[in-house]
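With the numbering used here applied, the sequence shown covers 50 to 669.
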Amino acid sequence: MDWDDNGYILGNTMIRSLAPENILHMLISLQPFYWQPMTWLSHAIDYRLFGLEPAGHHFVSIVLHGINAFLVFLLIFHFANRAYPGLRGRSGVLLACAWAALVFAVHPLRVESVVWAAERKDLLCALFMFSALLVYLWYADATEKAERQRWYKWVLFLFLLALMSKPMAVTFPVVVLILDLYPLNRISSRTDAWKCFTEKIPHFVMSFATAVITFIAQKIQGAVVAIDELSFTVRIVNALRSTVFYIEKTLWPQPLVPLYPFPDWDVRMWLEVATFFVICWFCIVKWNEGRRYWMAVWLIYLVTLSPVIGIIQVGGQAAADRFTYIPTLGFYVLLALGVIRLWRFFAERRREVLASVIIGYFAIVVIGVTSVWTIKQIPVWKNTGVFWEWVIAHFPDKLARAHTNLGIYYNKQGNEDGAMDMFRQAIRIKEDYEPPYNLLALAYQNRGQWEQAEKMFHDALAVKQDAMVENNLGLLYMQKGDHERAETWFRKAVATNPDFAQPYNNLGLLFEKMKQPEEAERFYKKAIETNFDLSEAHANLGNLYKKRKQFDAAIVEFSISVFLSPDNADMHNAFAEALMAAGYLDKAEQQLKKALHLRPGHVSAQANLRKIHEHKGSAT
């Protein structure tokens, strides 16, 4: 999937080794958008085991989801035994809890978190958060001091692992405080409340630190949507509406779409907002009646959903199926308790057989229907094209981003006309959205339509000053041979975003064209200093060294470039040429074979391989 998979897996050099320096990088990296070392470690282990073969990565995600479903069962079973202590050990309780956990596991809302490889963080965060909740329940039930201390340390450790997987776990301390109130009943006075709060101070400190780091990282990387782009009123209304939207999708998950736009301010939206307040009123009434579980589930749902509810808006989605993985846990507890209550009703009237038939039939129907929906939802994630076509089919005039991304996919497939049509539609939908202007300009440039390309680049910059667009405009002028204007735009790109490495690399190319190798070398090195993972800069610097006959230095740069871009046949061929020039024919032959494996018709690699064979033949 060309939607975060490149940043998390395909193009992520950090996960390609479990060397100490890579693990250190995982521990300190805030890319993309937040701190998630456990997620990086998980992907790195997958890469060690399976490489980039997708089946292995998906298999691990399925296994993790299975473990999470089992943890959900254990949590539901624990709460059920607390709610119905008189039925402890009865088969009906066990089956009801197992069925509720199975509904959680096969529900279509789980598809996004499990099938999308880049969402491994959801599964890991849930794994450790569910485990921490379970251990916390054991801690609360423990009577001996040593046992309580042991469980307390495990809770802290598992909570830390959850935070290291995804910052969504920051709500854990509040969740366990709610559990202290009900159903653990650990708070009956101010003294009890203070004791329960103080024991969670380490948890709150960890949560606060993670939240601050996450906000700073997302702010720096431009992921946080500004108030002038999305008003506070819209955020509040969408937050209230989204809490009900997720309940709707849990009860009736049709249709499910990977990207939901912000809703129209219509009757349905206001009904959803009103429903939020009705649910709040209902839970208060039930609390006063002594049925506290309704309020406990509702509060835990709201608290766990709060990091992704959009008050601090990150990304362009109004809602997302993946956000339900942890927050809806309480719904399945309620489901199990409802079934147990129904089973007890019949059991008290000596109608256990009838109860088993009715509940069993209901369980089979629910599992069957949700499984069918899930099976139908999985193919949406088959590839990037199917994915965005599905989104556009449901929201044809709402999401410029969807049309833009489908256009990118069409372009990669060689369907240039289809791509350009998608970019034009994206511009029509949202005139102040810059990416389709830039991409349409690149399409015109690829066709040699210089004037149209130049106009679209300037239109893009009129929407938003963007270093990438300025860099692309520089490339356009460099391609036209207008070196002065090319340099101007590359330098503008550097001024707009000094941390963007591409314009430094392109300035290196430009000065090399202008026969100024010292300046070219300086800019290549600046590009590498800015972004060491930019393989093109290493390859260009290697080529410069090769031209100077500095073969050892060239070999170093090319070795880095092919490590960073192992699927680039041109880089393997260029590396081979440097090795040949330095006399390392066997190593050069290996690189050429890799180039030809990647691109069997690579003319230069074929010619270089013939030269090596001829040289070896004449030497014998």
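All C-beta atoms in this analysis are idealised placements derived from N, C-alpha and C, irrespective of residue type, glycine included.
What does the alpha-carbon distance come out to for the pair residue i and residue j?
{"i": "GLY523", "j": "ALA509", "result": "14 Å"}
{"i": "TRP439", "j": "TYR459", "result": "15 Å"}
{"i": "PHE624", "j": "LEU583", "result": "16 Å"}
{"i": "ARG197", "j": "ARG400", "result": "42 Å"}
{"i": "ASN287", "j": "GLY497", "result": "45 Å"}
{"i": "LYS513", "j": "GLU483", "result": "6 Å"}
{"i": "ALA367", "j": "LYS447", "result": "12 Å"}
{"i": "GLY417", "j": "ASN432", "result": "26 Å"}
{"i": "GLY115", "j": "PHE208", "result": "20 Å"}
{"i": "LYS595", "j": "ALA586", "result": "14 Å"}
{"i": "SER180", "j": "LEU73", "result": "26 Å"}
{"i": "ILE413", "j": "VAL152", "result": "10 Å"}
{"i": "ASP190", "j": "PHE612", "result": "53 Å"}
{"i": "ARG473", "j": "ALA502", "result": "13 Å"}
{"i": "ILE349", "j": "TRP343", "result": "10 Å"}
{"i": "GLU70", "j": "SER280", "result": "43 Å"}
{"i": "HIS646", "j": "ILE262", "result": "44 Å"}
Is it right to say residue i is buried, meaning 16 or more other beta carbons lie within 10 angstroms of its own, or is it exposed?
{"i": "GLN303", "result": "exposed"}
{"i": "GLU606", "result": "buried"}
{"i": "GLY456", "result": "buried"}
{"i": "ASN55", "result": "exposed"}
{"i": "GLY410", "result": "For clarity, residue 410 is Tyr in the given sequence; the question names Gly instead. TYR410 should be labelled exposed."}
{"i": "ARG137", "result": "exposed"}
{"i": "THR282", "result": "exposed"}
{"i": "GLU168", "result": "buried"}
{"i": "LEU384", "result": "buried"}
{"i": "ASN617", "result": "buried"}
{"i": "PRO134", "result": "exposed"}
{"i": "SER256", "result": "buried"}
{"i": "SER238", "result": "exposed"}
{"i": "LYS461", "result": "exposed"}
{"i": "PRO445", "result": "exposed"}
{"i": "GLU626", "result": "buried"}
{"i": "ASP229", "result": "buried"}
{"i": "THR192", "result": "exposed"}
{"i": "LEU210", "result": "buried"}
{"i": "PHE506", "result": "buried"}
{"i": "LEU173", "result": "buried"}
{"i": "GLU561", "result": "buried"}
Relative to the C-alpha of residue i, which residue among the options is closest?
{"i": "ILE604", "options": "ALA618, SER420 and ASN622", "result": "ASN622"}
{"i": "THR453", "options": "ARG65, VAL109, LEU491 and SER280", "result": "LEU491"}
{"i": "ASN592", "options": "THR579, ALA569, TRP89 and HIS252", "result": "ALA569"}
{"i": "ALA644", "options": "LYS660, MET620, ARG659 and ASN554", "result": "MET620"}
{"i": "GLN565", "options": "TRP243, HIS532 and LEU233", "result": "HIS532"}
{"i": "PRO232", "options": "ASP95, TYR185 and PHE394", "result": "TYR185"}
{"i": "LEU144", "options": "ILE125, PRO157 and ARG131", "result": "ILE125"}
{"i": "GLU321", "options": "TRP343, ARG340, ILE285 and VAL112", "result": "ILE285"}
{"i": "TRP347", "options": "ASP95, ILE227 and LEU172", "result": "ILE227"}
{"i": "VAL223", "options": "LEU173, VAL352 and ILE389", "result": "VAL352"}
{"i": "LYS642", "options": "ALA654, GLY632 and LEU634", "result": "ALA654"}
{"i": "ALA449", "options": "ALA191, VAL293, ARG534 and LEU308", "result": "LEU308"}
{"i": "LEU183", "options": "LEU123, PRO134, PHE394 and GLU561", "result": "LEU123"}
{"i": "TRP52", "options": "ALA442, GLU638, PHE436 and HIS587", "result": "PHE436"}
{"i": "GLU519", "options": "VAL109, ALA189 and PHE539", "result": "PHE539"}
{"i": "ILE269", "options": "LEU590, PHE82 and LEU634", "result": "PHE82"}
{"i": "THR247", "options": "ILE262, ALA211, ASN130 and TYR201", "result": "TYR201"}
{"i": "ALA149", "options": "ASP635, SER66, THR419 and LYS529", "result": "THR419"}
{"i": "ALA535", "options": "ARG235, PHE549, GLY557 and PHE331", "result": "GLY557"}
{"i": "ASN580", "options": "SER610, ASP635, MET50 and PHE560", "result": "SER610"}
{"i": "ASN234", "options": "ALA260, ALA132, TRP165 and THR220", "result": "ALA132"}
{"i": "VAL142", "options": "ILE661, ALA656, GLN426 and ALA404", "result": "ALA404"}
{"i": "ARG139", "options": "ILE389, GLN599, LEU489 and LYS636", "result": "ILE389"}
{"i": "LEU67", "options": "ILE408, SER78, ASN554 and ALA93", "result": "ALA93"}
{"i": "PHE325", "options": "ALA345, PRO312, TYR295 and ILE478", "result": "TYR295"}
Could you please give me the residues that DSSP links to residue i through a beta bridge?
{"i": "TYR309", "result": "ALA368"}
Is the beta carbon of residue i within less than 7 Å of some heavy atom of the ligand FMN?
{"i": "VAL440", "result": "This structure does not include the ligand FMN; it has no bound ligands of any sort."}
Minimum length 4: unbroken alpha helix (DSSP H) runs contained in the region 361-448: 378-396, 401-426 and 433-443
Minimum length 4: unbroken alpha helix (DSSP H) runs contained in the region 210-246: 221-230
In chain order, each alpha helix (DSSP H) run of at least 4 residues that lies wholly inside the region 145-189: 160-164
Length-filtered (4 minimum) alpha helix (DSSP H) runs lying within the region 481-541: 484-495, 499-512 and 516-529
Continuous alpha helix (DSSP H) assignments of at least 4 residues falling wholly in the region 574-640: 584-596, 600-613 and 618-631
Whole runs of the alpha helix (DSSP H) within the region 62-146, excluding any shorter than 4 residues: 69-77, 86-99 and 103-132
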